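Numbering (our numbering), first residue to last: 15 to 349. Glycine is no exception: its CB is placed at the ideal position from the N, C-alpha and C atoms. Note that the structure is a prediction, hence the values are computed from the model and not measured.
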Amino acid sequence: MKYFLMIFSLIALQLFSNESENFCQNSISNQTQCEKYAYNYMPKMMCDRSFNLSVFSEFLYIQAVENGLEYGVLNLAASGAFAFPVIPGKRIGFSDDWNYKPGIKVGLGYLDKDFWNAELYWTYVDIDNSSSLSFSGQGFIQPLWTAANFSGTTQKDMSAKWSGNFNTLDFKIGKNVNFGKYVLFEPNIGLKAAWIDQKYLVRMNAQWGPNDPFLEGSFDGILDYKALGIRTGINTEFHFLKYFYLFGDTKFSILKAKFDLFQKLISFSSSEVEQIFEQNQKIRTKTPVFENISGIGSDFSLKDIVTISLKIGYEIQIWFRQNKFVKMLDDAGIG
15 MKYFLMIFSL IALQLFSNES ENFCQNSISN QTQCEKYAYN YMPKMMCDRS
65 FNLSVFSEFL YIQAVENGLE YGVLNLAASG AFAFPVIPGK RIGFSDDWNY
115 KPGIKVGLGY LDKDFWNAEL YWTYVDIDNS SSLSFSGQGF IQPLWTAANF
165 SGTTQKDMSA KWSGNFNTLD FKIGKNVNFG KYVLFEPNIG LKAAWIDQKY
215 LVRMNAQWGP NDPFLEGSFD GILDYKALGI RTGINTEFHF LKYFYLFGDT
265 KFSILKAKFD LFQKLISFSS SEVEQIFEQN QKIRTKTPVF ENISGIGSDF
315 SLKDIVTISL KIGYEIQIWF RQNKFVKMLD DAGIG
């Protein structure tokens with residue numbers, strides 16, 4: 015399972031175009047109709063337009079986390095080279111080293127006089143995490159990404175790096191439903207595309223046989239993910255003041271996905287002979303995605319021509335079934 019914890023601030027600049035049609039004329043009755051949306055600023059702006067076009071952008075500050083990327087485990091069963099089963103002690107991974115990285119979201123929006131709206135937006139996030147362990151003989155560290163036959167080694171140090179990039183393209187159509195001047199709901203449906211590239215590298219400097227020199231073994235994994243599917247969601251706003259509101263967006267997607275996996279393991283025998291294992295695999299599956307965001311926002315207008323939206327919030331995305339890297343070590347025993 016792969017998930018993203020997002021803390022972000024965004025500035026959305028919405029540029030509106032006027033049309034000749036005006037469904038909210040200056041009669042007393044229509045002015046009253048407009049005023050019932052006093053706290054819901056966007057519908058009030060629609061009193062002067064038949065539709066609005068907008069351009070928006072968001073700055074994201076994101077912590078990307080993926081389960082199953084531990085690269086070593088302390089074996090508490092014994093200090094021998096081939097002790098099985100492994101009784102886990104401390105797991106060595108990224109638990110204390112998940113980095114926050116910047117990201118961006120940019121898109122186009124449309125809203126008509128009946129409050130139907132559409133959005134198309136692209137999201138990009140960079141992924142970059144690293145971890146290292148200097149081993150000084152405190153027990154026996156079982157490497158998780160080397161071939162089991164070569165786990166009986168004297169380790170000096172280990173390191174791992176997880177990097178890549180995250181891209182999504184979303185299109186949605188929805189309709190705003192207003193409950194008085196305080197509450198706005200927007201059920202929506204659309205399409206979601208995603209392409210995520212991951213690289214996972216593990217290095218292990220070890221003495222692979224008695225009296226052998228220290229040599230560096232490695233695991234290099236490349237995982238490319240492409241997916242397309244349907245998404246649905248609901249957005250909510252509660253306008254507790256004229257220019258301020260609380261918002262919450264929830265989305266769920268089912269994506270038809272393809273993984274392209276390549277991984278290469280370099281290890282050594284006790285005679286210092288290099289051992290190379292390579293694996294190529296294509297995996298087709300369906301992956302669910304859950305997204306939720308909540309925060310506080312403010313909308314205000316400049317001469318009823320430009321509306322500026324400022325928001326700050328917290329977002330979590332859960333991408334299931336993302337880690338397809340294959341460990342060489344299982345519980346079948348060694349020898």
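Query: Taking the C-alpha atoms as reference points, what is the distance between K206 and A241?; Result: 8 Å
Query: Judging by CA-CA distance, which residue of S281, Y196, I310 and I76 is the nearest neighbour of D140?; Result: I76
Query: What's the call for T321, buried or exposed, on a 16-neighbour Cβ count within 10 Å?; Result: buried
Query: What residues are listed by DSSP as bridge partners for Y227?; Result: Contrary to the premise, residue 227 reads as Pro rather than Tyr in this sequence. Paired residues: none, contrary to the question.
Query: Might you give, ordered along the chain, the residues of its own chain that have their beta carbon closer than 6 Å to the beta carbon of L125, omitting 5 neighbours on each side?; Result: N66 and N131
Query: Rounded to the nearest angstrom, how far is the Cβ of L12 from that of V87, given a contact under 8 Å?; Result: Residue 12 is absent from the structure shown; the chain starts at 15 and stops at 349.
Query: In the DSSP assignment, find the unbroken beta strand (DSSP E) run with T160 in it and report its ends.; Result: Here T160 belongs to no beta strand (DSSP E), and DSSP marks it neither H nor E.
Query: Below 8 Å, can you find three or more Cβ-Cβ pairs linking the region 251-259 to the region 294-308?; Result: no
Query: Helix, strand or coil for R335? Go by DSSP, reduced to three states.; Result: coil
Query: Just to check, is the beta-carbon of G194 closer than 7 Å to a non-hydrogen atom of the ligand HEM?; Result: This structure lacks the ligand HEM; in fact it carries no ligand of any kind.
Query: What do you get for W333, buried or exposed, if any count of 16 or more other CB atoms within 10 angstroms of its CB means buried?; Result: buried
Query: Tell me which same chain residues have a C-beta within less than 8 Å of the C-beta of W106, skipping the five on either side of it?; Result: For the record, residue 106 in the displayed sequence is Ile; it is not Trp. Counting only Cβ-Cβ distances below 8 Å, and skipping sequence neighbours, we find E84, Y85, G86, V87, L88, S145, L147, I155 and M172.
Query: To the nearest angstrom, how far is it from the Cα of K338 to the Cα of I280?; Result: 19 Å
Query: At the level of alpha carbons, what is the spacing between F108 and N143?; Result: 8 Å
Query: Just confirm the distance between the C-beta atoms of G262 and T250, as a whole number of angstroms; I'd bet it's less than 8 Å.; Result: 5 Å
Query: Starting from Y114 and walking both ways along the beta strand (DSSP E), at which residues does that stretch end?; Result: Y114 to D126
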